[in-house]
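Residue numbers (the working numbering), protein chains in the order written: chain G, -15 to 97; chain E, 1426 to 1539.
Okay, here's the thing in structure tokens:
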């Protein structure tokens, strides 16, 4: 089982709708969770950091963390074509004896005008 | 505020050689992390440095090493290069503030091993 799992997509969402991206993780002890956006040919960009259960909102983005169920999700409201990108989930956790940032493979999001 | 810079941007090496990549973080950021990105494996964590000390490391062989200088600039070294080391190497600088976390990636160094 991969430590951090995401649906690779592509996830196609009409412009103006809510895009919902999900991520599950295996390390129950993980404390910090990150969502990144990566445009094709560009570096990742941190868009959300969350470490406590519940929701965190930043503009059109909402991150939801459920530690009991070991998932973290990202909602994008009023989706715009410029939101089309690959969204990467990352979790701080243990891999063997190493404490590190563990990345999901990413979900490709396509916003259709 | 200047962004994270990485040099060189592109590099071609042959198997068995070694390479050194450089990363200059955003002013005021004392933490620098390195990542490898490939189409097959995605993003993988290499190591993190904070105040010249390696704080965390990923599951890479000892051929991959790094260091951080007193001005927070960091270098990553790969010795005895293998074809599989061809990848985009990204560094990121970060700072943890009260209740939040700020992190920025550099543009990356594209390493090709032939």
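Backbone N, C-alpha and C fix where the C-beta goes; we use that ideal spot for every residue, glycine too.
query                                                                                                                                                           : result
What residue range does the beta strand (DSSP E) around residue 69/G cover?                                                                                     : 69 to 79
Indicate the three-state DSSP secondary structure (helix, strand or coil) for residue 1509/E in the structure shown.                                            : helix
Given the structure, does residue 94/G come close to the ligand MG, in the sense that its CB is under 8 Å from one of the ligand's heavy atoms?                 : You won't find the ligand MG in this model; it holds no ligand whatsoever.
Measuring only the C-alpha atoms, how far is residue 1493/E from residue 67/G?                                                                                  : 35 Å
According to the neighbour-count rule (16 or more other Cβ atoms, all chains shown, within 10 Å of its Cβ), is residue 1476/E buried or exposed?                : exposed
Does DSSP classify residue 66/G as helix, strand or coil?                                                                                                       : helix
Residues in the same chain with beta-carbon distance under 6 Å from residue 1500/E, minus the five sequence neighbours each way, listed in chain order, please. : 1445, 1447, 1492
Who are the neighbours of residue 1483/E on chain G, taking C-beta pairs under 8 Å?                                                                             : 79, 82, 84
Among 20/G, 48/G, 89/G, 86/G, which has the Cα closest to the Cα of residue 1530/E?                                                                             : 20/G
Below 9 Å between beta carbons: does that hold for residue 1483/E and residue 1469/E?                                                                           : yes
May I ask you to report which of helix, strand or coil DSSP gives residue 23/G?                                                                                 : coil
So, using beta-carbon positions, are residue 76/G and residue 5/G closer together than 9 Å?                                                                     : no
For chain E, check one thing: does any of its Cβ atoms lie closer than 9 Å to the Cβ of residue 87/G?                                                           : yes
Can you tell me whether residue 62/G is buried or exposed, with buried defined as 16 or more other CB within 10 angstroms of its CB?                            : exposed
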